[in-house]
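Undergrad: End of the sequence shown sits at 347 in the working numbering; the numbers just go up one at a time, nothing left out.
All C-beta atoms in this analysis are idealised placements derived from N, C-alpha and C, irrespective of residue type, glycine included.
Here you go, one structure.
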Amino acid sequence: MSEAPAAPRTASADPSGISLLLRPPEPSAGWRVLPARVVAMCAVELQKLGHDRTELYTRAVQPALWLLIFGQTFTRIKAIPTQGIPYIDYLAPGIIAQSAMFIAIFYGIQIIWERDAGILNKLLVTPTPRSALTTGKAFAAGVKSLIQAVVVIVIAALLGVSLTWNPLKLLGVGAIVILGSAFFSCLSMTIAGIVLSRDRLMGIGQAITMPLFFGSNALYPLSVMPGWLQAVSKVNPLSYEVDALRGLLLGTHAHLALDFGVLAVAAALGITAASSLLGRLAR
65 MSEAPAAPRT ASADPSGISL LLRPPEPSAG WRVLPARVVA MCAVELQKLG HDRTELYTRA
125 VQPALWLLIF GQTFTRIKAI PTQGIPYIDY LAPGIIAQSA MFIAIFYGIQ IIWERDAGIL
185 NKLLVTPTPR SALTTGKAFA AGVKSLIQAV VVIVIAALLG VSLTWNPLKL LGVGAIVILG
245 SAFFSCLSMT IAGIVLSRDR LMGIGQAITM PLFFGSNALY PLSVMPGWLQ AVSKVNPLSY
305 EVDALRGLLL GTHAHLALDF GVLAVAAALG ITAASSLLGR LAR
């Protein structure tokens, strides 16, 4: 009698790895893809700025006017207590934070544009967790704001503002700007997930930017504010960003540990909120 045919080998014993073609690999854990997603989003923003640098020049006009007109005028008036430093020096960190916030607060418009172009749907069907996508976009907004902050720092230095050039403190400035911008960009993406419209988001963004700015310590210290405005300023993340920037750039008294902690928690909460609403944009 002829020998019985040998039983076929199971897929698990297949040395050629053909079974891998039939069974897709398991998705990577969120924390593993998070650094790559952040780097990719930041690279995209840098490429955009490399292709069109006019945005940097146009956005530099407003902070330059604040420092040149408002700052120098109130320096001569001496009506606002500034801890013994010229008012233009006191104002400069607030304008740096303001210019960074103005970039980040409208970042949700880009998310809605990506939805309309079909890009967001393609991103959401990948194995990448939504939290990684949101974090990548938030820190990409931070990098874009950081470049704007560098431009404002250069303008302030040309106007004679006494700033520190300590490398460690400048690294701290970069971290503060990125954390603050990450929160405000997530706030914008959260609003985008609620209103689902570029026009509505633009209107809301314009409605909240100036209250956030004037309801902080960017223009004047807490001591000259009425009680209700002091309460608003203490829950405004922009106040903590400005306080840290003043302490790092000017050497004034600041609560750096508290400032970093508040901004880090705010950014984490913002990422969580924006991630939970990201799916609504794809419907």
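(1) Sorted by chain position, which residues of the same chain lie with C-beta nearer than 8 angstroms to Gly236's C-beta, five sequence neighbours on each side aside?
(2) Using the three-state DSSP reduction, which class does Leu84 fall into: helix, strand or coil?
(3) Could you give the distance in angstroms between the alpha-carbon of Thr137 and the alpha-carbon of Ala282?
(4) Go ahead and pull the three-state DSSP assignment for Trp229.
(5) Near Ser339, what residues of its chain come up, given a Cβ to Cβ distance below 6 angstroms and the 5 sequence neighbours on each side ignored?
(6) Can you give me the Cβ contacts of Ala124 inside the same chain, cut-off strictly under 6 angstroms, excluding the 5 residues immediately before and after it?
(7) Measuring alpha carbon to alpha carbon, tell me which of Gly291, Phe166, Leu129 and Pro231 ends up nearest Gly155.
(8) In angstroms with no decimal places, state the Cα-to-Cα distance between Ser92 and Ala100.
(9) Cα-Cα, which of Leu341, Ala346 and Ser303 is closest to Val326?
(10) Between Ile255 and Ser209, which are expected to be in contact by the criterion C-beta below 8 angstroms, what is the C-beta distance as a whole number of angstroms?
(11) Run the CB neighbour count on Pro301, radius 10 Å, all protein chains shown included, and call it buried at 16 or more, exposed below.
(12) Can you give the Cα-Cα distance for Arg344 and Gly267, rounded to whole angstroms?
(13) Between Ile183 and Ala161, what straight-line distance do the alpha-carbon atoms span, to the nearest angstrom?
(14) How far does the alpha helix (DSSP H) with Lys298 in it reach, from first residue to last?
(15) Three-state secondary structure (DSSP) at Tyr284?
(16) CA-CA distance, Ile219 and Glu305?
(17) Which whole-angstrom value describes the C-beta separation of Cys250 and Ala331, a residue pair presumed to lie in contact below a C-beta threshold of 8 angstroms?
(18) Return the chain-ordered list of same chain residues with a C-beta closer than 6 angstroms to the C-beta of Thr139, the five sequence neighbours on each side being excluded.
(19) Would you please state the rounded distance, in angstroms, between the beta carbons of Leu286 and Ser297? I believe it to be under 8 angstroms.
TA: Judging by the given coordinates:
(1) The residue you call residue 236 lines up with position 172 of the sequence shown. Around Gly236: Ala308, Leu312 and Leu320.
(2) In the sequence shown, the residue the question calls residue 84 occupies position 20. Caution applies to Leu84, whose pLDDT of 44 falls short of 50 and renders its modelled position unreliable; the value that the coordinates give is listed next. In this structure, Leu84 counts as helix in the three-state DSSP scheme.
(3) For this step, residue 137 is matched to residue 73 along the sequence shown. For this step, residue 282 is matched to residue 218 along the sequence shown. Whole-angstrom Cα-Cα distance: 16 angstroms.
(4) For the purposes of this step, residue 229 is taken as residue 165 along the sequence shown, with counting starting at 1. Residue state, collapsed to three classes: coil.
(5) Counting from 1 along the sequence shown, the entry for residue 339 is found at position 275. Hits under 6 angstroms: Arg194, Ser195 and Thr198.
(6) In the sequence shown, counting from the first residue as 1, residue 124 sits at position 60. So the qualifying residues of the chain are Val215.
(7) Indexing the sequence shown from 1 puts residue 155 at position 91. Before going further, note that residue 155 is Leu rather than Gly in the sequence given. Nearest neighbour of Leu155 by Cα position, chosen from Gly291, Phe166, Leu129 and Pro231, turns out to be Leu129.
(8) The residue labelled residue 92 in the question sits at position 28 within the sequence shown. The residue labelled residue 100 in the question sits at position 36 within the sequence shown. At Ser92, the pLDDT of 49 sits below 50, so the modelled position is not reliable; the number obtained from the coordinates is stated separately. About 12 angstroms.
(9) Taking the sequence shown and counting its residues from 1, one reaches residue 326 at position 262. Closest option to Val326, Cα to Cα, is Ser303.
(10) Sequence index remark: in the sequence shown, residue 255 carries index 191 (1-based). Sequence index remark: in the sequence shown, residue 209 carries index 145 (1-based). Actually they do not touch by this definition, with Cβ atoms about 18 angstroms apart.
(11) The residue you call residue 301 lines up with position 237 of the sequence shown. So Pro301 ends up on the buried side.
(12) For the purposes of this step, residue 344 is taken as residue 280 along the sequence shown, with counting starting at 1. For the purposes of this step, residue 267 is taken as residue 203 along the sequence shown, with counting starting at 1. In this structure, the CA atom of Arg344 is about 20 angstroms from the CA atom of Gly267.
(13) What you label residue 183 is simply residue 119 of the sequence shown in a count that begins at 1. What you label residue 161 is simply residue 97 of the sequence shown in a count that begins at 1. Answer to the nearest angstrom: the Cα atoms are 30 angstroms apart.
(14) Translated into the one-based positions of the sequence shown, residue 298 becomes position 234. Gly291 to Lys298 is the span of the alpha helix (DSSP H), which, as asked, contains Lys298.
(15) As a working mapping, residue 284 is identified with position 220 in the sequence shown. In the structure shown, Tyr284 adopts coil according to DSSP, grouped into three states.
(16) In the sequence shown, counting from the first residue as 1, residue 219 sits at position 155. In the sequence shown, counting from the first residue as 1, residue 305 sits at position 241. Rounded to the nearest angstrom, the two C-alpha atoms are 20 angstroms apart.
(17) For the purposes of this step, residue 250 is identified with residue 186 of the sequence shown, where counting begins at 1. For the purposes of this step, residue 331 is identified with residue 267 of the sequence shown, where counting begins at 1. That belief holds up - the Cβ atoms of Cys250 and Ala331 are roughly 7 angstroms apart, short of 8 angstroms.
(18) Here residue 139 is taken as the residue at index 75 of the sequence shown, counted from 1. Shown here for Thr139: same chain residues with a beta carbon closer than 6 angstroms to its own, the five before and five after excluded, namely Pro150, Tyr151 and Ile152 in chain order.
(19) Along the sequence shown, read from residue 1 onward, the residue named residue 286 stands at position 222. Along the sequence shown, read from residue 1 onward, the residue named residue 297 stands at position 233. The Cβ separation is near 6 angstroms, so the contact holds.
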